[in-house]
Structure formats: structure tokens, C-alpha cells
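**Student:** Can you read through this structure? Questions will come right after.
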Amino acid sequence: MADFGFSISKPQSIDTNDMDVGRLQALEAKVPSFKRCINCGACTATCSAGQFGGFNIRRIHNLYRWDQRKGLEKELQQCMLCGKCTLVCPRGVNLRYLIIRLRKALADNK
Amino acid sequence: MKEREKPVHGDDNPKPREVKRRLKSTKRISRRKRLEFEEVELPLQVAIIGGGVAGMEAASVLTEHRCPVILFEARPELGVNVKNKYKIFPDFSDAGRLVETMTKAMDHPLITVNKDTEIVEIIREPDAYTLLDNKGVPHTVPAVLLASGYEPFDAKRKEELGFGIYEGVINSLQLEDMLREHKVLNSLGEDPRRIVFLQCVGSRDEKVGNHYCSKICCITAVKQAIEVKRQLPDTEVYVFYMDLRLWGQGYEELYREAQEQYSVRFVRGRISEAASTFDGRVQIKSEDTLLGQPLKMVTDLLVLMIGMEASPGTQKLGKTCGLEGPYGFVRSKSPHLEDNLSDKPGFFLAGTCKRPMHIAEAVNDGRAAALEIIKYLRK
Amino acid sequence: MTTKKHYWNEYQKEIADDKYFYERSCIRQTFFPGSETAFLRILKEELGKDILDVENQHTCTGIGFYSDIVPLETTMTIVARLFSLMTEAGYENYVPSCVTSFGVFSEIVDLWEHQPDMLEKARKILFETTGRTFELPKNIAHPSDIIYKFREELKEKMRYRLVNRFTGRPLKVVEHIGCHYAKIFPDKGVGKAEFPHVLAGMIESWGGEVVDYPERRHCCGFGFRQYVVRANRGYSVANSKKKFESMQPYEPDFIVTNCPGCTMFMDKWQYTIAEMEHKTYDKKGYGIPVLTYEEMAGLLLGYDPWELGLQLHQVQSERLLDKLGIHYDPNEKYKSVSGRILPNPEKPQYLRV
Amino acid sequence: MSSNFHPFVLPFTIGTLALFSVLILKYNKWISKFDRQQKKLIRRNLFTGKLIPAVWEMINEGLFHKKVSRYNRRLGYMHRSIALGWFLLISVGFVETVFHFQGRGHAPWIGVFFRFFVRDNQTLSAWIFAQIMDLLLLYILSGVTMAVFKSIFSKTVGMRKTTRLKLFDTSLRYSLWSIFPLRLLSESATAALADNGGFLTQSLGNLMGERFAGVVELPLWTLYSIALGLFLCLLPFSRFSHIFTELMLIYFRKMGLREREKPTGFTRFELSACSRCGICIDNCPLDSELNITDIQPVYLIRDIRNRMPHRNATENCLMCNRCESDCPVGIQISEIRRQERDKKKLDTHDNYGYIEDVQSFNAIGRVIYFGGCMSHLTPGITESMKKIFDTVGQKYWMMDEERTICCGRPLLQQGFFNQAAELRRKNTQLIMESRSKTLVTSCPICYQSFRKEYNLPIKVVHHTEYIVTMLRLGKLRLNRSELRLAYHDPCELGRGCGIYDEPREVLSALGQLLKLEQEYKNSLCCGYNLGNTVLELDQQLKVRDASLRNLTDSHPDVIATACPLCKKAFQHSTTQPIKDVAELVVENLR
């Protein structure tokens, strides 16, 4: 290949046309309460792992909503499964189970 | 509600005249009053359970139509829930004065006010209701208006927010008191450097079983934030919210004013923990969800915007009358044209015993219920 | 759809009838000079118009101006001199070949209208430096406006239609309007900025079908500073890519543009993308041909493709010519003006030619 | 007809031989799969005094079924009548045979078919034996009758539910049930012919009459032998293998063997020792509150034995251990469930780089106070504990004041063994580096973890234990009032760690502790137990409501508990005061 001295920039926007809705639907079927999230951030605020920086469970599951899976598997491994997020969620989202299922889904669909 | 097959006074199917006779025998209206109002068109008496703004407004309207009213209030005073506020949105008018005006109107020859009186049982008679109060006195009336109202959410149930544990954590009613006294102070008695408001405490929270929105807290926080800034211009004010619902006339403008003129900072995120700091202040944990970044903040005061729950009276009477709706509120016949009616003829509903309402809405609802009652009695 | 189709009708700009002063484009003269020649030929020979093409003209500074390199005063003076050429020749209708020039002239004229002192300043500087004077043009029109205006007359003279000879169906044409045509002053474009009709009108009149794809209004990716700085070229090509990906499902037969930058980048970036990512946007790997409106008109009028300069484009157009039913001599493709057959240019690795 | 052999004894003989060879093979295989530590324990304890209590327990459990009886008398009788009765039948039969032959050689099957082979024995001793044997047979038959009833109407034996069985098990059960009636009938037939029966068989034989008995005698004995043979053959492959395995298990357990993180040969013994009595079903809140009926230990064990555990059965469990506390065999079901939850691929290494730079604190002379993750959401508990430390003049280091490294138990419970170990390693390091001698924790989950999973060389106490010690030392003095208190036993503290009395001692010192319908080891889970990830909120709340009903039935002024999670669960549902033991202590300090 010729060296052009530059490469094509990746678009910042998420191309939702390329996304596989089935993956999200499968997760929602496993954890029905996931659909109820209103992104209030209580989970991230209280998160034990999040206190050490870097881990943001709300961001992770929002990225998964748009089928943006890159790097999520590694990121999710930081969860200590302590359950505080589940306890503070005002919408009763079963976050611990969501995390386990999400980890499984990410591991299965590389 | 108990259905009484045999009426207390014997007759199986009393005719209206008989009801009237019985009413006289209950002697709730003095002879003098009856003489004074000999031209009374509706000599039947209406019982109103709850002397809040809805109940009082209904009583006023009923007397305007010359209908005698007997009003029961469980507490020693009328209009307490509104009176507990200092100024009310959106015009910052005086809540105390509003209640005063309404209470004054209760001093009317056709209105009998029974304070400190709780209705413990309602018995349905054919064409009438007998109310038993906590002193054991029965009151038989052809129509009842339930206006037993709401109760503020007990923030102790959200222990993670530290209400009742840290002095710096207060609820929105306590802030009203502070504002009235012009003494918004932190736990050390100093001017607060920072005040944080948290929305949706006890509302929209499945963990405490309240899925609904209490509707008034968003605008109340905006109002209180402005009042705080008026009294303490140097205090930083933050409002943490999940969604801001500023739906009424003038509300959005107030929000804009809070941002622009008073530099109130609005943060989209729920606070999930509070802890104390070494200097007696409160540290909160939240997330700026729009940034996707968790944050910590130390504040002098954390004000919990507590929602509205059905009052114990509403819950109890709703249950005994078989009108129990969701979350312990009472259920009206239908939400559009029959919102003041219950599915029991002669039994009417008004105000926040049905759902969270703001003051004007509750007043209007009381007024509407009064007109429904008149329509019913004339029939 | 109805709204979209007819929205352009709500605005029709004023386009002079005759007596045009033509100003050349830097890019077009260099990369596809056949287009300008064709324009002059169409106006003179097909339409019998008076159009003047003088020798002593120069750049309008557009690329430098929009890259924030050339100061406003310089550009004003340059514009003033070009107008003085027009005034000197006794013309009043200014026709700049380049869309960016069109933008520059419109902008400077607008500035002068709002700030007469700037006009005075320009007159003064021009006079002091060159001793020239000028009048403002009565009408500034882009050449595509003029072709658009006379599209029906030209249709009568055309030997071909925008119809696929093999299937009998209209050719699917992507039209792309240069940003500076109507995005600076929507009033200066036919159909304004959102639904410009200048190229679509030609395509529809001449039998083709306009492809209305999602990224139709997106910039071609040239973006001046994005291209001028090499490190930023990734952004430039990414924008073109976005357009190609958006139009690809419609399987367009060719792209037609009215802007030198657009023609060049939509054409050349196809090569770049093919070399970098091995991706082309037509099924067979040849890419989508990019024509100027003059080339399109010229082809339909029966001009020789090689004289129009189609071989100078990166994406080659033989397959399009076949569809149109236009005869061409492959041996003539690389013949110089002097009649010498030049050696074939080096072929790209991935893009088929 | 007193020869020593008849072909009909073959099914029984083959069955017996098959049973013992299969059992020996199986046990041998399982023992070989013990892990190193378990093997060491066996080598060390094989011939020690542990044998005697083991045998004692074997008799109590294997024959008398004491634990089952304690749980439910009728169910105990049923099991006992069959087990003990059969055992005695065999023993007495053996004695009878030995007595009869007086040391002369006899075939081993004679004891089982004694009446058939020894017909002309009219001595007094023979008559006495016959009566005893009939009595035992009657005893067994009464148990069998109950079992038949139980399968039809589970309530007969006092159980709400009974175990649902598969075809294989059902057929086996029928063969067991048929053994004893067949024995009764065949002995009766022989009695009719040879006049050698006891009170039961002789009278039934007389009823049959000689002619009929002559026709059916041999077929009946054959059927009896076949039923026995079939049952013995199939036994090692069925739930009835628990009869023998339980004895082995009791012995191993006395030697100190326990479940490990991953399944071992010991697990096979435990699985095989389950008799599927179904007591665990009755105790399961998911069954009683949510009508989830396929996840209880009995089904999980069956599925693991059949090598097809389904995900729902392993995952959907609160791990409240209410089942285990009443299991007559004492199977460590939660540990087995956890082994099944092994997340394998998901259980990754090196996940928590971010905790590495957390520093310890020099806490010589201080206690370490570890609130636990959840206590950050119940500041009432941590604030009270700080106040208590201050009151008794104890300096402390709150290890997780700012940021918590989870104890690891929530991960462990879900089968993330490596990840849990990673957290344990870091916490251990912090604790050891602090050089403190005592660790006080407020969260029963952390407590159980520190106590059982950490192997810390320092003292680990729950805050209720700490408060009790301080009360006993007189460092804390409380005002006693008439406050009516209902105490909720948290699963992890009570059943998990056996801490029942300490909180009660504290509460009794400050108020009046009410008796509850379900408490101590029968306490009901609050529904928020971290052992379950699958339940949705509404389901958790149903479990909680049942638990709360049990607490409010006695109309307490305050509901007390000793776990932040339980506290939150109840707090969410009611305005009634829910307080931790520590909070009540602070409120009632003298």
C-alpha cells in the first residue's frame, strides 16, 4: 500500500445501523428490569469499584445498549459484585445479574 | 366500608324526610342557626373529612349554596400541610396568609368545625352515611367528602442519605422553617457555604415502593434554591435531579431565573450516599451522568426533597371504604369526568387523598367536588 | 416527498440572459481544463451567447481566504481588480467558474453593500496600486446557473439522454452542490441551501434520476484546512467516505458536481480509500465516476469524451459511456494536443481502471 | 423339603453380590478423588477415637433417623420403621438361623428365606422367633404403608410438599414397597403348609388354606426374591444408595472432611447421601413465597447426580441456608451449589489492579473496624459503632471508611473463585500490615468471610459479639426499658456463623425481647441476600414481606437486626423503626 502519511479518521458517531439489536434484546430477556433504567447514575455514584476510579457501570451498559462492545469485557472484570448498585437503584434494576449476564454475553460473542 | 343492612334508627328504607328528621336529631346545627337560615335550600348536611385546603374550599363553596357542612380535622389546626410552608411557588406568595384567609371563611354559621377529631369508621346506610369519630360520636349525613390528604415522606427510610443521622441532612419542610425564620444555618450554626438539594426522595423509587412522581418537588426545589440565594447570596446551591419536570405556568421561567440570576447549578445525577466529614459537614456521592463521571461533594446542608405519600387517614379510610387505590391513595370513579366521584353514591373525593397535587390544584379540586355534591343533593 | 421535490420552486434566483464575463477557476484549469472549454463552447456554439474570457485574470484567493491565510483587504483588492477587468471590457454580468470564487464574490459584494466605507477603501487601494477603477456587477451567476437556465434549450440539441442504453431506465445520478454555492447565501442558489435544484434540474430535464441519499447535503470532505494540512487529511477523506457509504446502496451510475473541490476530492479520495482500505463503492471495483456539469452536458451534446478531458479523472468513465451509448476510441484516450500518443499512466493497485 | 438350595434364591443372591461389588467400586473411585487435604485428614484420623462417635452417629442417623424425627415425628417414624425394622429383621433372622443350625454349616441365603427352608421346626424357641419376626415385619409394613400414603397425600406424614420423582426412581420405590408385602404373603403361604408362622403369617396362612397356599407358595417366594434382587441391584444407582453412603459420610465427616471450593470425591459421597426426603423443599422461601419449585437442594442434587444441573437450579437460590439447617444428612448444599456455580471462563485473573496501591495503617493497639460495602448505605450502623468504640475508650481504624475493598464473599457465592481470592489476598495484606489484633465487622457477610474464608491469625468478631463482651466487662452500661423488640436473625450471622445468642443478650439488656414464630435457625431470609442474583426486585420483596410478617406479628415497638442488608430490606417497606443492635445500644446507653 502506498504511504499516504495519514489514515482515514474513524467516525465519532455510533453507527446504529450496524448494530445488532438481537444482542441487546437477548440481554433484556435475561434481565427484564434492565429496560427500566433511567440513567440516574445512583449505581455509579455508590459503586465500590468506581471509588477507585475508572469503572463506570452505567456507561458500560449504555455502550452495550448501542452494541459498542469494544473493551467492555475487560472493563467489567473490575466489578467486585458487592451489590451496592442494585441496592440503591430507584428503578429496581437487577444490576448484579446484569453484570454477570453482560460478562457472559461479551465472553460468548467475541 | 361496613354496609349496614338494618339502619341504626329502625326503618329499613328511610325516606328523605326521615333522613332530614334524623339529621335534626343529631343536632349538629343549632336552633338559632336554623332559624337564621330558614330560606335554606339544601338543609341536608355534608360531612367533610379533612380540613386541608381542599376540604376548606369545598366547605366554602357548599355554604355559598347554603348547604350546612360539618368538617372534621384530625389535627388541632386547619390547613397544616400548607401552613408548614413559607412561601409558595410560583409567585412567592405567603402560604400562611393563604391558609389564614381560608380558615377565616370557616367561621361561618353553616359550618361546624370539629378539630382534633378523627373519623375512625364509616358505615354505609341506605341513602346516608354514618361517621363514627374517635370520641365515639356518630354523625349521619347524606353525603361525605373525603379530603384526608397526604403526608410527607419519611426520609429515614432512605438511610443511606443520612436523614436523622447527620445534622446536616434536612428535609424540604425543615428548610421551609429555616427560610421563614431567616435562619438557614449549617449544623454548627454558621452560614452555609454550600447547599445541595436532592430530588426524588421517596418518589420514583421502587425500593420504597413508590413508583410515582410527586410532581411538586422539582419546582419546590427551584423555589427554595431561589429563596436561599435571596437570603444568602454567597452560598453555592446545587440541585441534583434525575429528571426536571417543570410543567406548570411560570415554572420553566423560574428554573431559568434560578440558573441565570441566582447561579443555581443543576446536576443530572442521583445522590446515593451521604457521610459525615470531620468538620460536621456532609459528603455526598453522585454521578454527573451527562459527563459519565462519579463525583464527591462536601456540603453544609443536604436538603432532601421529600415526596408525598397518602396520609395515614387516607390509607385507613380508603381501605375501610373499599376505595383503596395504588400506593394507599384513594381511587376515584374515573380520572376525567368523574374524578370527584367514588363508586359509592354520595361519597365524594377531593385533593391529595387521590394523588399528589399542588395547592391550586387541590383547591380547585375541592371546589369541583363541592359542585358535584350540590348536584347530587339536588337530585 | 412532494414537499421536498417542490420546495426549490419557492426560490428561483435571478440569472442574466446574455453578455457574461467569465472568470476561470484555478483548480479546474489545472485538473480538468476540458470543462471550462466545454462551457465556453456550449455558450457560444450551442446557445449563441456573448461570453468573454480574458487572459489577464488571476486567482480570487478563495482557498487562502477560507483557510484564514489571506487577509480580507487583500481579497477585497483582488476582487476589485477582477471586477475592474469586467468593467474595462464593458460587461456587467459576472460568471466565476469556481463555486468558491462565487462565494468570495458574493460575500465581498454583500460586505460592500452593508459597509460602503469598505467599498471605498477597496476602490482607493485598487486605484492607488493599479490605477484601475471598477463597477459592481449587475448580476453574479455561477456557470451551473446558466446551464440550468438554458437546460431545456440544450436538451433540444442533445444527441443523448441520461438513460441506460442496456436497460432503458434512467441513469441514477448523485448530484453534489459545492458548499459555497448556497450555504453562505441561501438566496444566491437556485432552490436555496437545503434543496438546491441547480444540478437536479439538469439531471431531471435530461432524462436522469436524482439519487436522494441521506448524506446528500454533507460536505465532500475538501474542507480547505482539513486538506491543506496533511495531518488533517484523515478527516477530509473520512467525510467523503461517509458520503460514499451513504450513496452506495443506491448504486449510482455517476456523480455530478458544480464545484472544483468536490469534483476533485470525491474523485481522488475514491482512489485513496481503495488503496488504504481496499474498498470501492461500485460493485465491480471501478469506483463511481465523478463528472462536472459541463462534462455531463458536453457528453450528452455529443462532444468527444477525450476532448472533454474525462481521462484526467481518477475514476475512469468508459463504463458510463457504454451505458450512455456514446462512442469513443480507446486509442485516442491518451493523445496529446500535438497528436502524439502518450504512454498509459501507472495503474492503481486496487482501484480498477 | 429342608435342602439348602432352591433356584428361586438366585435373584436375591445375585442382587446382593452386585450391590456390594458396585458399592465397593464406587466408593473406591470416589475416595481416590479426594483432594490432598482430605486424604491427609483420613490418613491422620483413620484409626483414632473418632470411630466411636462416628459409629454412634451412624446408629442414631442410619437406624433411628433422629434428625428426621426431630424435624417431624411422623416422617421420622416412617424412615425409622423401614430402616430399623429391616435391619432388625436381618439381624434377628441371622440369629435365628445360627441358633437353628447350632454351628452346622448353612448357606448364606437361608436367613432371608428361613421359613421356606426350615419348615419342620416346632420348638418353643422357633415359635418365639417366629413371633418376633412377625412383629418386626408388621413394624416395617406400617412404615411402608405410610410411605405409600405419603406419595399420595404428602400431608399424612406432616409435609407440605413431597419430592417429585423420575420414572427410574418410581419403579425402584415400587420394588422396595413390594418386598415386605411379598415376604408377608410368601411366609404366610409356607405357614399354611408347614405351620411354622408367627401370629401374623400363621393367621394369614390359615386364611389362605392349604390348597391355595400349595399353588402360590413357590411363585410368591420367587417374586419376593426377585423384588429383593431387583432392589439390591438397582440400589447403588438410585437415591436408596443413601442407606449405605450416609454411613460412610458420617464417618468421613467425623474425620474432619468438608466440602472444598471445587467438587471432590467427598462431594460425590454427599450427593449420594441425599435420601430426597424433601425437608429442604418445605424450608425454602422461594418455594413458599414465589412458587419456584425446581431449584431446591433435593432437585439440584438429583440433577447433579444425573450430571445435568440446569442453570436456574444452581443460580436461583438465596443461599439463606434454611434448607441446610434442617437437612437430616447435613449435606453442605450451599457449598455444593457454589461449586456448580463455577463461572469458569468468566472467573478471570488480575482484575483488580486498582486496589494495589491502597495503603495499610499502623493500628497497633487499635481494633480494625470493617463496616463492609453495604454499611456505607446504613450510616446509622457505622456511626453507632464509632460511638460505641468512643464510649468504651477503644481506639479503632475504620479500614473501609473512604473506599471499600469488598471482602470477596459475594463473588465467591457466585462462583468467581479466583476473583474472590484476589480481594482476600489484598485485604489480608492490609490487615496483617496494620498489626492489629482484632477485627470487628458490622456486615455478617464480611464476618463469615473473614472467619471462614480468610484464615486470619487475629480475632474476628461481629459487632454484636464485641458489644456483648463490652457489656460483660461493664464497659458499656445500658438502660433497660419496656421496649418491645423483635429480633431478626440474619442468615449469614445466625445459620452462617451460629451467632444467635449474642444479639439476644444485648437486646435483653435494653428491652423486652419477643418470641417469634420463626427464629434462630428457622429465621426467614429478608430477601436481599446477596447469594441470589437472579431474583427480580418484586420477587425479593415478596420474600421480604413474609419475613416481615413474622416479625410484626407480635407487634414490636422496634424491629432489631444485625445486618445492613436486612435492615435496608425492612426499612424499604415500612415506616416502623428498624434498628441495628448497635443503634439500639447507643440509644439506650446509660
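Protein chains in written order, with this note's numbering: chain A, 337 to 446; chain B, 1150 to 1528; chain C, 7 to 359; chain D, 64 to 653.
Even glycine gets a Cβ: it sits at the ideal position worked out from N, Cα and C.
Quick one: give me the first and last residue of the alpha helix (DSSP H) that residue 609/D is part of.
**Tutor:** Start and end: 600-615.
**Student:** Return the CA-CA distance between residue 45/C and residue 192/C, expressed in angstroms with no decimal places.
**Tutor:** Distance between the alpha carbons of residue 45/C and residue 192/C is about 24 Å.
**Student:** On the three-pair Cβ rule with 8 Å, is the segment 1455-1463 of chain B touching the segment 1345-1364 of chain B?
**Tutor:** Flag = yes, the segment 1455-1463 of chain B and the segment 1345-1364 of chain B touch.
**Student:** Does residue 378/A have its Cβ less than 8 Å from a Cβ in chain B?
**Tutor:** Chain B contact via Cβ: present.
**Student:** Which residues does DSSP pair with residue 1346/B in a beta bridge?
**Tutor:** 1388/B and 1452/B, per the DSSP bridge assignment.
**Student:** Taking 8 Å as the threshold (C-beta atoms), are residue 430/A and residue 600/D in contact?
**Tutor:** For residue 600/D and residue 430/A, yes; Cβs fall inside 8 Å.
**Student:** Using a Cβ cut-off of 8 Å (strictly closer), state whether residue 600/D contacts chain B.
**Tutor:** Chain B contact via Cβ: present.
**Student:** Does the structure place the segment 1470-1477 of chain B close enough to the segment 1375-1386 of chain B that three or more beta carbon pairs sit under 8 Å?
**Tutor:** Too few Cβ pairs lie closer than 8 Å, so no.
**Student:** Taking C-alpha atoms, which residue in 390/A, 434/A and 399/A lies nearest to residue 368/A?
**Tutor:** Closest option to residue 368/A, Cα to Cα, is 434/A.
**Student:** Are there 16 or more other CB atoms within 10 angstroms of the CB of residue 558/D, so buried, or fewer, so exposed?
**Tutor:** Buried, by the Cβ-count rule.
**Student:** Please determine, among 1349/B, 1426/B, 1396/B and 1227/B, the residue with the shortest C-alpha to C-alpha distance to residue 1388/B.
**Tutor:** Nearest of 1349/B, 1426/B, 1396/B and 1227/B to residue 1388/B, Cα basis: 1349/B.
**Student:** Whose Cβ in chain A lies nearer than 7 Å to the Cβ of residue 1420/B?
**Tutor:** What residue 1420/B touches in chain A: 381.
**Student:** Name the one or two DSSP bridge partners that residue 576/D has.
**Tutor:** Per DSSP, 548/D.
**Student:** For a test of the three-state rule: what should DSSP assign to residue 1178/B, helix, strand or coil?
**Tutor:** Model confidence at residue 1178/B stands at a pLDDT of 49, short of 50, so the residue's coordinates are unreliable; what they give is reported in the following sentence. Three-state DSSP puts residue 1178/B in coil, outside helix and strand.
**Student:** Return the CA-CA distance between residue 610/D and residue 1331/B, expressed in angstroms with no decimal places.
**Tutor:** So the two alpha carbons sit approximately 46 Å from each other.
**Student:** Short of 8 Å in beta carbon distance, which residues of its chain neighbour residue 7/C, apart from the five on each side in sequence? Order them along the chain.
**Tutor:** Low per-residue confidence applies at residue 7/C: pLDDT is 40, beneath 50, and the placement is therefore not dependable enough to give any value.
**Student:** Is the Cβ-Cβ distance between residue 460/D and residue 498/D less than 8 Å?
**Tutor:** Going by C-beta atoms, residue 460/D is not nearer than 8 Å to residue 498/D.
**Student:** Quick one: list the residues of chain F neighbouring residue 1309/B, beta-carbon separation under 7 Å, in chain order.
**Tutor:** This model lacks chain F altogether; the protein chains it does include are A, B, C and D.
**Student:** Any residues in the segment 427-438 of chain A with a beta carbon nearer than 8 Å to a beta carbon of chain B? Which ones, in chain order?
**Tutor:** Against chain B - using a Cβ distance shorter than 8 Å - the residues of the segment 427-438 of chain A are 427 and 428.
**Student:** Residues of the segment 1431-1449 of chain B in Cβ contact with chain A at a cutoff of 7 Å, in chain order, please.
**Tutor:** Those residues of the segment 1431-1449 of chain B that come within reach of chain A (Cβ to Cβ, closer than 7 Å) are 1434, 1435, 1436, 1438, 1441 and 1443.
**Student:** For residue 131/C and residue 304/C, I'd like the C-alpha separation in whole angstroms.
**Tutor:** If I take the Cα positions, the gap works out to 41 Å.
**Student:** Counting only Cβ pairs nearer than 9 Å, list the residues of chain A close to residue 1349/B.
**Tutor:** Correct list: 376 and 426.
**Student:** Residues of the segment 1321-1349 of chain B in Cβ contact with chain A at a cutoff of 8 Å, in chain order, please.
**Tutor:** Answer in chain order: 1349.
**Student:** Anyone know if the C-beta pair for residue 566/D and residue 583/D falls short of 8 Å?
**Tutor:** Against a cut-off of 8 Å, the Cβ pair of residue 583/D and residue 566/D comes out as no contact.
**Student:** Between the segment 1340-1360 of chain B and the segment 1248-1268 of chain B, are three or more C-beta pairs nearer than 8 Å?
**Tutor:** Not touching, per the Cβ criterion.
**Student:** Can you tell me whether DSSP reads residue 240/D as helix, strand or coil?
**Tutor:** Helix, per DSSP.
**Student:** Return the chain-ordered list of same chain residues with a C-beta closer than 7 Å to the C-beta of residue 199/D, the five sequence neighbours on each side being excluded.
**Tutor:** Taken in chain order, the residues that qualify are 148, 151, 152 and 155.
**Student:** What are the boundary residues of the alpha helix (DSSP H) that residue 1433/B is part of?
**Tutor:** Unbroken run through residue 1433/B is the beta strand (DSSP E), 1431-1437; no alpha helix (DSSP H).
**Student:** Using 10 angstroms around the beta-carbon of residue 1188/B, count the other beta-carbons present and answer buried if the total reaches 16, otherwise exposed.
**Tutor:** At residue 1188/B the pLDDT is 45, less than 50, meaning the model places this residue with poor confidence and gives no usable figure here.
**Student:** Would you mind telling me which residues of chain D sit closer than 8 Å to residue 368/A, beta carbon to beta carbon, in chain order?
**Tutor:** The answer, in chain order, is 599.
**Student:** Whole angstroms are fine: how far does the CA of residue 354/D sit from the CA of residue 1502/B?
**Tutor:** Spanning the two alpha carbons is a distance of roughly 35 Å.
**Student:** Against chain A, with Cβ distances strictly below 8 Å, would residue 618/D count as a contact?
**Tutor:** Residue 618/D does not count as touching chain A.
**Student:** Going by the CB atoms, is the gap between residue 1266/B and residue 1279/B shorter than 8 Å?
**Tutor:** Cβ atoms of residue 1279/B and residue 1266/B: not closer than 8 Å.
**Student:** At which residue ranges does the segment 409-445 of chain D contain complete beta strand (DSSP E) runs of 3 or more residues, listed in the order of the chain?
**Tutor:** Counting only runs of 3 or more, we get 430-433.
**Student:** Can you check whether the C-beta of residue 384/A is within less than 8 Å of a C-beta belonging to chain D?
**Tutor:** Interface residue, yes.
**Student:** Answer yes or no: do residue 1423/B and residue 1351/B have a C-beta to C-beta separation smaller than 8 Å?
**Tutor:** Contact flag unset, no.
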